[in-house]
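This note's numbering applies: residue 1042 is where the sequence shown begins, and numbers increase by one. Every residue gets a Cβ at the ideal spot worked out from N, C-alpha and C, and that includes glycine. A quick note: this is a predicted structure, and the numbers were derived from the prediction, not measured.
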Amino acid sequence: MIAVEKPPLAFKVADTGFALAKALNAQVLLMHINPPALLYSPDSGTSPDQIKYQMNREAENFLQKLVKLYGDNLEVSSFILEGNTEHEIIKAINDIKPDILILGTHGKKAWQELLLGSVSEDIIRHSTCPVMLIRESPTDPI
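Here you go:
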């Protein structure tokens, strides 16, 4: 299972995940989590449903692009969920039971993680499968 967020890190995550799947002749489950459409103002003229629709469309287009770029000769399924990233990924792991989860990490500094938490750390702690983290850049802390 490959969880992607947004470019440019999503391309590195997908490249690594699809390469591993090709090497192992494995199926790929490609997923994206949209945040809840909470930022809604009646003055904006855009309803929460319109925001959700637009976010889903953009995510679907992006996942299709990744499949076209990396998914040759692989069986690929993709899906989009909405909610808290950590909770949705852990729920998907528990429901689907993948052999491995591949996702990106932005490599926050220690003080940022202390204040903001770490999505990847939370997922690693609660995952029932191995987790492979792909760093945004080689100098990022894990």
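Where residue i falls, given that 16 or more other Cβ within 10 Å makes a residue buried
i	result
Thr1169	exposed
Leu1142	buried
Ala1064	exposed
Pro1139	buried
Gly1086	exposed
Beta-carbon proximity of residue i to residue j, cut-off 7 Å
i	j	result
Ser1119	Leu1104	yes
Val1054	His1073	no
Leu1070	Met1096	no
Val1160	Glu1123	no
Ile1165	Ile1130	no
Tyr1111	Phe1059	yes
Asn1075	Ala1100	yes
Ala1078	Leu1115	no
Thr1057	Ile1134	no
Bounding residues of the alpha helix (DSSP H) (the contiguous stretch that carries residue i)
i	result
Gly1112	Counting along the chain, Gly1112 falls outside any alpha helix (DSSP H), and DSSP gives it neither H nor E.
Asn1135	1126-1137
Simplified DSSP assignment, three categories, for residue i
i	result
Lys1167	One detail in the question is off: residue 1167 reads as His in this sequence, not Lys. Three-state DSSP puts His1167 in a helix.
Asn1102	helix
Ser1118	strand
Glu1123	strand
Residue span of the beta strand (DSSP E) that contains residue i, given as start and end
i	result
Ile1043	1043-1045
Thr1146	1142-1146
Review point. Mind pulling the alpha helix (DSSP H) runs of 4 or more residues that sit fully within the segment 1045-1074?
Key: Correct list: 1050-1065.
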